[in-house]
Amino acid sequence: MANDASAVFDTLSPAVSKGSPADPFTPPADSSLWRKNFLLGAATASYQIEGAVNEDGRLPSIWDTFSAIPGKVLAGDTGAVACDHYHRWEADVEMLASLGLEGYRLSIAWPRVMDAAGAPNRKGIDFYKRLLNRLKEKGITTFVTLYHWDLPQHLEDRGGWLNRDTAYRFADYADLMSCELAGTVDAWATLNEPWCSAYLGYGNGHHAPGLANDRFATQAMHHLLLAHGLAVPVLRTNDPASQKGIVANIGRGTANSDSAADQRAAHLFEVQHNAWILDPLLKGSYPQDLFELWPGTEPLVLDGDMETISAPLDFLGINYYFRTNVASDGAHGFRDVPLEGVERTQMGWEVYPDGLRDLLIGFKETYHNLPPIYITENGMASDDEVTDGHVEDTQRISFLRRHLAAVDQAIKAGVDIRGYFLWSLMDNFEWAFGYERRFGVVHVDYSTQKRTIKRSAELVEKFLQERKAKA
Ligand code: FCB
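Structure below.
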């Protein structure tokens, strides 16, 4: 194990075996998760699972380019094959359905469905039509993300998200997909985690396209949010019956001490991670504190942009993973102060379910127009291995149970949360960490592409069966 988590399973029964009466996952009887309209599903993303990067007219994306650069991705891994889902999608849908999962969140690869002139690529579009039709036949609720980071490289060659024109190209893409797929999508999310696209992609260079400049990050964010705002009315026109939203990752920042400087640092951390995205969407303005952190980085905003960005949403997708403990950096910002002796995952991320609850309750207080929420990602990586055909992912079971309890607490505190998608359906290409970090509730052997259901997935399935039986 990359981390020593053995000491921290304080609330976990040691006797974890199939059919054990001491079920380490099933929520208590008074949990809101027993409501049968609370959607429980799993999520994936195109570049992380599909592979087939050169097939049927797919164009290169920024992640093909970035992962080919030595040193950018652990072990030189790329998404060229990934989980080979492009060829194995039928079996993968069977697997999803057999687990009883009620919802599936997937993303469309923009470079698969449009050529460089903006014309449709029929073969790529047909792949998603077949996939979504099959999901609907299985009665699975479909959440489709239009942009989960795989920007066509030809758009990056013209400035990518630094170029305002990319936002208009995105609206064209949203137009095409919603015309083609209307009726098979229950909920559209325009973007996945604009914070990661803007900051990791253009601010610190850890993700594609690998640029590192704070001013670039704020401008890229503005164009991403503009793209979202331009796409929403297009989606509403073409596919009126579906829900429209966006997915934001959120971060909990806690102060290392009671000092005013450290308290301020924690506040700035949350401004940078949360308010930077949620304020423009829900208040129609950028938080001014952001520019205290990054002086002189105000993006160029044209008249009408903030109105476009802040048009009402049907839902807000929230992705949550961990908290960060911070102190003042002595100047305008914050620095991480990792806590000792806390439970961590294979990513080194702290397991901190209270952060999810506290942030959700805080958003309800801050944003009076907060739309209904879906937790669109939550989960953890562990270095799972298959032993005698089984994967005992004990830490994940505990993680999921505790985070679902946090969601229940937020619901009981009055936050309108309608569903939860675990990240991820299966192990996959974890961006800069390649295939080493395993987030799935299904194990993937990358040498054979064999899928093995992990113990966590079995327990989720058992709960869903029990819930169905009670309904
Ligand atoms: C999120 C991404 C998702 C996955 C998880 C672990 O930031 O949206 O694709 O990589 O982290």
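Residue numbering for the sequence shown follows the working numbering, beginning at 11 and increasing consecutively. The C-beta atom is built at its ideal place from N, Cα and C for all residues, glycine as well.
Run of the beta strand (DSSP E) containing residue i, from where it starts to where it stops
i: residue 254; result: 253–265
i: residue 326; result: 325–338
i: residue 49; result: 49–53
i: residue 386; result: 383–387
i: residue 460; result: 460–463
i: residue 454; result: 452–455
i: residue 423; result: Per DSSP, residue 423 belongs to no beta strand (DSSP E) and is neither H nor E.
i: residue 201; result: 197–202
i: residue 116; result: 113–117
For residue i, the first and last residue of its enclosing alpha helix (DSSP H)
i: residue 192; result: Element bounds for residue 192: n/a, residue is neither H nor E.
i: residue 96; result: 95–108
i: residue 171; result: Careful: residue 171 lies outside any alpha helix (DSSP H) and carries neither H nor E.
i: residue 268; result: That residue, residue 268, is in no alpha helix (DSSP H); it is neither H nor E in DSSP.
i: residue 57; result: 56–59
i: residue 227; result: 224–248
i: residue 299; result: No alpha helix (DSSP H) contains residue 299, which DSSP labels as neither H nor E.
i: residue 372; result: 363–376
i: residue 403; result: Counting along the chain, residue 403 falls outside any alpha helix (DSSP H), and DSSP gives it neither H nor E.
i: residue 315; result: 315–319
i: residue 344; result: Here residue 344 belongs to no alpha helix (DSSP H); instead the beta strand (DSSP E) covers 344–346.
i: residue 435; result: Unbroken run through residue 435: none, as it is neither H nor E.
i: residue 77; result: 72–77
i: residue 120; result: 120–123
i: residue 288; result: 286–293
Cβ pair residue i, residue j closer than 8 Å
i: residue 405; j: residue 367; result: no
i: residue 485; j: residue 118; result: With the chain covering 11 to 481 only, the question about residue 485 has no answer from this structure.
i: residue 326; j: residue 255; result: yes
i: residue 392; j: residue 355; result: yes
i: residue 233; j: residue 171; result: yes
i: residue 54; j: residue 163; result: no
i: residue 309; j: residue 229; result: yes
i: residue 451; j: residue 470; result: yes
i: residue 51; j: residue 112; result: yes
i: residue 370; j: residue 427; result: yes
i: residue 414; j: residue 43; result: yes
i: residue 213; j: residue 227; result: yes
i: residue 483; j: residue 459; result: As displayed, the chain neither begins before 11 nor continues past 481, which places residue 483 out of reach and without an answer.
i: residue 431; j: residue 385; result: yes
i: residue 387; j: residue 433; result: yes
i: residue 186; j: residue 123; result: yes
i: residue 319; j: residue 235; result: yes
i: residue 249; j: residue 192; result: yes
i: residue 343; j: residue 303; result: yes
i: residue 96; j: residue 65; result: yes
i: residue 107; j: residue 58; result: no
i: residue 116; j: residue 180; result: no
i: residue 357; j: residue 447; result: yes
Span separating the alpha-carbon of residue i from that of residue j
i: residue 31; j: residue 56; result: Because residue 31 carries a pLDDT of 48, less than 50, the predicted location of this residue cannot be relied on, and the following value inherits that uncertainty. Rounded to whole angstroms, residue 31 to residue 56 spans 38 Å at the Cα level.
i: residue 322; j: residue 188; result: 19 Å
i: residue 121; j: residue 365; result: 36 Å
i: residue 153; j: residue 300; result: 31 Å
i: residue 456; j: residue 444; result: 12 Å
i: residue 150; j: residue 259; result: 24 Å
i: residue 441; j: residue 60; result: 13 Å
i: residue 126; j: residue 135; result: 15 Å
i: residue 542; j: residue 306; result: Outside the shown range of the chain (11 to 481) lies residue 542, about which nothing can therefore be said.
i: residue 140; j: residue 474; result: 26 Å
i: residue 177; j: residue 454; result: 36 Å
i: residue 297; j: residue 402; result: 44 Å
i: residue 209; j: residue 273; result: 23 Å
i: residue 422; j: residue 257; result: 23 Å
i: residue 244; j: residue 377; result: 25 Å
i: residue 425; j: residue 211; result: 32 Å
i: residue 46; j: residue 480; result: 9 Å
i: residue 62; j: residue 138; result: 14 Å
i: residue 478; j: residue 38; result: 16 Å
i: residue 390; j: residue 271; result: 32 Å
i: residue 173; j: residue 82; result: 24 Å
i: residue 472; j: residue 463; result: 13 Å
i: residue 294; j: residue 314; result: 10 Å
i: residue 350; j: residue 194; result: 47 Å
i: residue 363; j: residue 276; result: 18 Å
i: residue 34; j: residue 416; result: 16 Å
i: residue 217; j: residue 399; result: 35 Å
Open item on the list: For the segment 271–281 against the segment 195–205, do three or more pairs of beta-carbon atoms, one drawn from each stretch, fall closer than 8 Å, so that the two count as touching?
Closed with: Segments in contact, no.
Open item on the list: I want to know whether the segment 333–349 touches the segment 251–269 - three or more CB-CB distances under 8 Å.
Closed with: Because the criterion of three Cβ pairs below 8 Å is met, the segment 333–349 and the segment 251–269 touch.
- [ ] Examine the Cβ distances between the segment 125–135 and the segment 67–74 and report whether three or more of them are shorter than 8 Å.
- [x] Counting C-beta pairs with one atom in each stretch, the segment 125–135 and the segment 67–74 have three or more that are closer than 8 Å, which means they touch.
Open item on the list: Which runs of the alpha helix (DSSP H) at least 4 residues long sit entirely within the segment 144–169? Give them in chain order.
Closed with: If only uninterrupted alpha helix (DSSP H) runs of at least 4 residues are considered, those enclosed by the segment 144–169 are 163–166.
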